[in-house]
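In what follows, a structure is listed as structure tokens, so that the remarks can point back to it.
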Amino acid sequence: MHDSRGIPLGIEWSTESMSATHANPMRSRVATRPRRIVMVRRSIGGGVMLAGAFAINCSAVSTPSAPKDGVVVSSGERFGAPRATVTNRFIDEDVVYLASVFANPAVPRELRVGAAERMARLGSPEAASAIGTGLDSDSTETREIVVEGVRKNGRASDAIVDRIANAAIAGRIGSEDASFIIGRSGSTAIERLMLVVAEASDPAARARGFELLGGINDPAAARTLVEAMQQASPGGDDAVAIDAALRRWSDTSSTRDAAAWRAWWTKMNIDGSASQALGQLVDRIERANRRAARAEARADALASRLAELHARLLATLPESDRDQRILELLEDEELPLRAAAIAQVERMLRNGRILPEVLRAGLLSTLDDPDPTIRITAGRLLETVGGEDFAAKMVASLEDEADPAVLSAGLELLGNRARPAVVRLAIRHLDGDDPEVVRQSARALATVAAAGVLEPERMAEIRAAIPAADRVRDSEIARLAVLVAVDPGDPSLVRLLGHEDRRVRRGAAEGFLGRGQREALRRNSETPEVRRIAWQAWSGDAVDPEGLAVLLELRPPEDAEEADQVNWGLAIARVLERLPAEQVLAADDVLGDEPARFEDRRAALVRAAMSESQPKPDRDAAARRLARRLIEAGRPIEAANELRLLGADADSTLGLDLFEALVLAEAWEEAGGVRSDPPAWVAFLEASAIPEPRLARVLLQEIDRRFGDSLDEPQRVAVEAVRVLLVDASDAVGSEPVADGI
């Protein structure tokens, strides 16, 4: 009997609303088979996206009458045996589509795993064939994705079990995964696995099959192994492999022969009713584990929601109440709540709030937190607020830490500053197995050594723990090796400055910088990495004119990076800024006509000209040098202004220098205010006639206008001589007339 919808009477039916925009909204139909009824859905042209994952489903099939004890499953969940296999064009389309998804490396991994899971859920021969193709793939990632999808699906069909068994016996997938999948698929799957093992001709392949059986937590697997042991040749390869599998299954270490294993099996009474009880117990344990996992997930979700609520609440509380609430949350048993409290402290620091002492004490207490992320975050925050007292406690929390990631993070934090408390811990891990832990240990020790607070006996321990210089392959190890060396000038250490790895070169150069070996850096500055550190060395605290000469020698090539050009100029600026006033003129002599960092050079000369620590003649010499450099740069008016700021006037010792700067700037009236008598004008005219003919012509006009016939005889002779010289020069080069009346 059927109702108006074509569904057998007495059988429940259900539909699922699909969220994808292209899903077929047709109602689901029910496919039946003995003792199980499984709902299948229809899809159009391939697949349906559900909640961001692939959800490809079988199409509708005919609906024969269901048995009276049939169970309808409307959510697609299977109980007992795997889904019945149905073949039609919709399933074929699903298989092709899903196979193209999980085999495509461009698709995100979680979607590929979802496609493999759906493929396993189909359970059809076509799906099994596609899964077998994926397991035969040359891509390790594809094989892992297929196995992960089949594992997530749970129980596999017989056809898929065969593919899993073949792949595991061939060594293409791990035995643990295969044991899990086959063990979840029932006793029939175990029997099929044994058939595959029996058909294998390679003893190694059979051994892998027996290993799979030994990893299946099902009495049927042990029974199969015991029966196989009875058929194996005593002492043969199969007998040895079966014995190892049975020892693994029974968690025993003693080897037994076939008769002894049979006796063990009989004594266990697993073949009788106890076997069924054991199976029921296993099922109950699995169900309890699933319930516990769901409860734990719900608890975690609830804790996360509470953490969000607390985070919002903390943002609205007054400061006094907020601090107290944060302290309470830092000691809460739930990790999400402690994390929310730490996050609130981070926000407070980002907002520029000064952390009160009560919260500093609270952060110190979290250094004992069982969660490493909380500990490391608290240490980072304490370092930010200047809590130096946290180092010893942080070191204590890392003493028994086994996670390399946590160790490296903690050592990295402790190595940001020189902290002697970390020395013992860092030395202990200096020859460890994890390269990042070793690197951060070396970094922390190098920071202490560079600060000069590393004890000599500790240096000896470090030298014994680190590799020889010719075997150094890490920048931090290279830096540490130089810093703790008895003789930093050792040729094996100097050779590190020319190492093929630029990071090692830089680390070694930083070590030489810490040891004050400026000359070694200068002699080995062929590479950019060493040259940059050499600039730091020669522009550090000990500055002198010699350092400027070395910096000029270490000038970067023209094709160097722009950043190198800038950093080199900054090194020169640092030297000029720190030079004592009495050495500024010597440094200016070293620079000569060098145009780099002219403004810094100018500032140094101004500082020397104003320094009260120098006698007046030296200050005047610095002022004259400043004016000359500005005039040479084509900036005479600035030279005049600087001289005036330094106290130059008509009656000072710098008066003539001021007059010359004003004349060069063609500021005639101001120059006349400084020197109103003809001798200074005529003398400057004579001096500029040959090197500056253009200026001499203009100055000659100004002298004629200003003094006219008031010149005495020697002055008139000098002026006329310059006039003739300028006329001859104009005739020789065809230049413009020098002045009216010439």
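In numbering that gives the first Met the number 0, the protein residues as written are 0 to 741. Quick reminder that beta carbons are idealized off the backbone N, C-alpha and C, glycines included.
- In this structure, the alpha-carbon of Val394 lies about 29 Å from that of Ala508.
- In the three-state scheme derived from DSSP, where H, G and I count as helix and E and B as strand, Gly488 is classed as coil.
- Excluding residues up to 5 positions away in sequence, Leu366 lie with their Cβ nearer than 6 Å to the Cβ of Lys392 in the same chain.
- Setting aside the 5 residues that flank it on each side, Ser612 is surrounded in the same chain by Ala580 and Glu581, each with a C-beta closer than 8 Å to its C-beta; the list follows chain order.
- Counting only residues of its own chain and dropping the five nearest sequence neighbours on each side, Asp433 has a CB closer than 8 Å to the CB of Pro403, Leu406 and Ser407.
- Going by beta carbons, Arg207 and Gly170 fall inside the 8 Å limit.
- Selection Ala155, Glu560 and Phe101 evaluated against Thr139 yields Phe101 as nearest (Cα-Cα).
- For Asn165, the enclosing alpha helix (DSSP H) covers residues Asp157 to Ile168.
- Assignment of Ile130 by DSSP, reduced to helix, strand and coil, places it in the helix class.
- Going by DSSP, Asn152 is part of the alpha helix (DSSP H) stretching over Thr139 to Asn152.
- Per DSSP, Val565 is one residue of the alpha helix (DSSP H) stretching across Glu561 to Arg577.
- Along the length of the region 202–259, whole alpha helix (DSSP H) runs at least 4 residues long occupy 202–213, 218–230 and 236–249, reported in chain order.
- Taking C-beta separations shorter than 7 Å and ignoring five residues to either side along the sequence, the partners of Ala670 in its chain run Phe658, Leu661 and Val662, following chain order.
- The beta carbons of Ala377 and Leu397 sit about 13 Å from each other, so the pair does not count as a contact at 8 Å.
- In terms of CA proximity to Asp558, Pro527 leads the group Ala585, Leu575, Pro527 and Val542.
- Ranked by Cα distance from Asp473, the first of Pro335, Arg596, Gln516 and Arg504 is Arg504.
- The Cβ atoms of Ala595 and Gly568 lie closer than 8 Å to each other.
- Ranking Pro233, Arg416 and Glu332 by CA distance to the CA of Leu381 puts Arg416 first.
- With a contact defined as Cβ atoms closer than 8 Å, Val145 and Ala115 qualify at about 5 Å.
- Taking every protein chain shown into account, the CB of Ile168 has 16 or more other CB atoms within 10 angstroms, so this residue is buried.
- Assignment of Thr376 by DSSP, reduced to helix, strand and coil, places it in the helix class.
- A residue is called buried when at least 16 other Cβ atoms come within 10 angstroms of its Cβ; Thr383 does not meet this threshold and is exposed.
- In this structure, Gly488 sits near Ala519, with a CB-CB distance shorter than 8 Å.
- The closest CA to that of Pro544, considering only Ala603, Leu424 and Arg530, is found on Ala603.
- If you compare the alpha carbons of Ala291, Leu134 and Gly148 with that of Arg108, the shortest gap goes to Gly148.
- DSSP places Val436 in the uninterrupted alpha helix (DSSP H) bounded by Pro434 to Ala449.
- Just measuring C-alpha positions, the residue of Arg522, Asp388, Asp500 and Pro692 sitting nearest Val493 is Arg522.
- The beta-carbon separation of Arg154 and Ser184, rounded to 5 Å, stays under the 8 Å limit for a contact.
- Residue nearest to Asp650 within the set Leu629, Glu210, Ser675 and Glu641 is Ser675 (criterion: CA-CA distance).
- With a contact defined as Cβ atoms closer than 8 Å, Gly510 and Leu482 qualify at about 5 Å.
- Contact between the region 317–330 and the region 284–295 is absent: fewer than three C-beta pairs spanning the two stretches fall below 8 Å.
- In summary, Pro317 is exposed, with fewer than 16 beta-carbon neighbours lying within 10 Å of its beta-carbon over all protein chains present.
- DSSP, reduced to helix, strand and coil, places Pro355 outside both helices and strands of the structure shown, so it counts as coil.
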